[in-house]
Amino acid sequence: MNKDNTIQFDPSQNKKDLTKEILTQVYDALIKKGYNPVNQLVGYLISGDPTYITNYNGARALVRKLERDEILEEVLKTYLGIK
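Residue numbers (my numbering): 1 to 83.
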């Protein structure tokens with residue numbers, strides 16, 4: 001790392017990266033337990049009921065670190081190709 005250059009902190013990029021990382025881990029846990037991850041995540045996002053997400057590998061605790069509206073915002077931005 002070059003200590004002569006200033007690094008710009010971008011909280012929106014960090015939020016996007018964190019959301020993607022968490023959703024990927026939750027997706028993987030749901031797949032490993034034999035669930036349809038899209039259906040389970042949609043159920044969670046619509047209802048807010050965390051029991052749609054497995055406890056396997058801490059997936060339920062991970063997804064609850066994010067606000068549901070923030071997840072939807074990031075998913076929609078990605079779907080529409082908005083940065």
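By construction, the Cβ of each residue, glycine as well, lies at the ideal position given by its N, Cα and C atoms.
As the structure is a computational prediction, the values presented were derived from the model and not from experiment.
ALA61 and THR54 have their C-alpha atoms roughly 9 angstroms apart. Using a Cβ distance threshold of 8 angstroms, LYS65 and ILE22 count as a contacting pair.
Nearest in C-alpha terms to GLU74, of all of ASP4, TYR52, PRO37, ASP17, is ASP17. Secondary structure note for TYR79: its alpha helix (DSSP H) is the uninterrupted segment 68-80. Per DSSP, ASN39 is one residue of the alpha helix (DSSP H) stretching across 37-47. Using a Cβ distance threshold of 8 angstroms, TYR52 and GLY43 count as a contacting pair.
Setting aside the 5 residues that flank it on each side, GLU70 is surrounded in the same chain by LYS15, THR19, each with a C-beta closer than 8 angstroms to its C-beta; the list follows chain order. Non-local C-beta neighbours of ALA59 in its own chain, meaning closer than 6 angstroms and more than five positions away in sequence, comprise VAL26, ALA29, ILE53, ordered along the chain.
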